[in-house]
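Participant: Have a look at this one.
Numbering (this note's numbering), first residue to last: 13 to 403.
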């Protein structure tokens, strides 16, 4: 039987359903009343899990909006705002959003898989092929790993840049999802090449050739993979979203995946909400990365220690973390995440807040955030009905 939080989550997704697709929040605040690529697709995945026909129809509209406003060079909109004046398209603020492209491909393919309609792939094949070519261009050195600018993905006010783990993994997921239908030998080989580059450069004790051997040696990778590296070296922060994707995509051996997830479990055990933070540890005012962090915001600074991307806990991230625990067969740990997730989503009369201060447990960000609701739906349906996506 679905929980009361689940029903409230479904209700919220209906509230954010617009004629053009899922909006990021039911609150008309800032730029959240827009159709966003990553938010919209994550809500769409929850729609598939829910088997709600109206929500699935909204997912289809979301994908159509993103496809309609794809840039001629292949970029997928970060978000699209609709008003009486027409559509206002953004491909990113201070930098372009690399993950908008991969989330779009994932969304189309997961919808086609759910509906068992390969015609959906044919409908969007030109947009997908153009997007895949663009991802190839973003390697710059034709060495299988994309080079992502700072502010180039969902953690748009954080410090990750260069070879960002999360973005490489999303690319693998996108290519695997598309290849499920097209069965291309070329794509199969590309997936293998990207996977090997990740395992050689992010996993501990790798004996293979490195992109940056000096920096790899200095990083001393042990319990988890670094969030990113660049010519300036590795950034040694635990990225919960990336590790969830790594588990779901079978990166690394079982022992390492369990070690990394155990690391995340240990972090959240000492926190009031029992939710894993997005990135850990928090960057403090005395850390050298602080100057990078405090400058990376276009409007207001939100990344105080333990908040927002800087050690804050996001229900959306914990949703994917729960899926990873379930994938590893850690059912009790997955149930613990779901209970903590639902508890967080009920704060302030089912506020579905964007994120929380991981130290105090106080809510942060926008209320009625759609992908916070999506997290509850995805984990609950995965546990109850073994709902599966293509990975």
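By construction, the Cβ of each residue, glycine as well, lies at the ideal position given by its N, Cα and C atoms.
Give the DSSP-derived three-state secondary structure of residue 302 in the structure shown.
Facilitator: helix
Participant: Determine whether the beta carbon atoms of residue 185 and residue 123 lie at a separation below 8 Å.
Facilitator: no
Participant: What is the rounded straight-line gap between the Cα of residue 52 and the Cα of residue 347?
Facilitator: 25 Å
Participant: Please work out which residues of its chain come closer than 7 Å, Cβ to Cβ, to residue 231, disregarding the five sequence neighbours upstream and downstream, and give them in chain order.
Facilitator: 238, 246 and 248
Participant: Could you tell me whether the Cβ atoms of residue 42 and residue 389 are closer together than 8 Å?
Facilitator: Against a cut-off of 8 Å, the Cβ pair of residue 389 and residue 42 comes out as no contact.
Participant: Less than 7 Å between the CB of residue 398 and some heavy atom of the ligand MN, yes or no?
Facilitator: With respect to small molecules bound, the structure shown includes none, and the ligand MN cannot be examined in it.
Participant: Nearest to residue 104 by alpha carbon, out of 116, 88, 114 and 281?
Facilitator: 88
Participant: Taking the Cβ atom as the reference point for each residue, do residue 179 and residue 165 lie within a distance shorter than 8 Å?
Facilitator: Result yes, Cβ atoms of residue 179 and residue 165 sit closer than 8 Å.
Participant: Cutting at 6 Å between CB atoms, please list the residues of its own chain near residue 67, excluding the five before and the five after it.
Facilitator: 25 and 59
Participant: Going by Cα to Cα distance, which pick from 395, 112 and 69 is closest to residue 86?
Facilitator: 112
Participant: Below 8 Å, can you find three or more Cβ-Cβ pairs linking the segment 378–394 to the segment 346–365?
Facilitator: Contact holds: three or more Cβ-Cβ distances are below 8 Å.
Participant: Pull up the distance between the alpha-carbon of residue 221 and that of residue 215, whole angstroms please.
Facilitator: 12 Å
Participant: Determine, using beta carbons only, whether residue 163 and residue 107 come nearer to each other than 8 Å.
Facilitator: yes
Participant: Using 8 Å as the threshold, is the C-beta distance between residue 242 and residue 173 below it?
Facilitator: The answer is yes: Cβ separation under 8 Å.
Participant: Across which residues does DSSP place residue 251 in a beta bridge pair?
Facilitator: Answer by DSSP bridge pairing, in chain order: 291.
Participant: By a C-beta neighbour count over all protein chains shown, 10 Å radius and 16 as the cutoff for buried, is residue 364 buried or exposed?
Facilitator: buried
Participant: Do residue 50 and residue 92 have their C-beta atoms within less than 8 Å of each other?
Facilitator: no
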